[in-house]
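In this note's numbering, the protein residues as written are 5 to 117. Note that beta-carbon positions come from the ideal geometry of N, C-alpha and C, so glycine has one too. Here is the structure we will look at, set down as structure tokens.
In structure tokens form, the structure reads like this:
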């Protein structure tokens with residue numbers, strides 16, 4: 005299974021970014037291979053960055069997204085793509101992945117904003 009997050013840099017030890025769609029780096033972690041993939045997002049435009057980020061993650065096979073929050077359009081896109089969404093904690097990419105795997109992150113059940 006693949007987990008997607010936004011981070012401040014391309015490292016498992018990087019802090020998670022508090023801006024989901026406009027984060028510096030998108031991170032995809034594969035729980036089967038235990039490998040990380042780091043993607044520098046292209047310019048996503050002034051509007052619609054959330055759904056575009058969800059689409060990118062979906063195309064990469066991500067099944068879970070860990071984020072600070074999701075706006076209405078990003079949340080809707082995640083629902084359509086059948087991607088589960090969870091609220092990140094302050095900390096590193098690795099800490100948030102472990103928190104998800106240990107079942108300690110809260111599921112995002114409503115969009116923000």
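Look at the beta carbons and you see the segment 8–20 touching the segment 60–69: at least three pairs across the two are nearer than 8 Å. Under the three-state reduction of DSSP output, residue 9 falls in the strand class. Residues of the same chain with a CB within less than 6 Å of the CB of residue 27, apart from the 5 flanking positions on each side, are 10, 21 in chain order.
Taking C-alpha positions only, residue 86 is separated from residue 55 by approximately 13 Å. Sorting 110, 109, 114, 98 by C-alpha distance to the C-alpha of residue 82 places 114 at the top. Under the three-state reduction of DSSP output, residue 38 falls in the coil class, being neither helix nor strand. Judged by beta-carbon spacing, residue 90 lies beyond the 8 Å limit of residue 58, meaning their Cβ atoms are not closer than that value.
Annotation: residue 19 to residue 110 spans about 19 Å, alpha carbon to alpha carbon.
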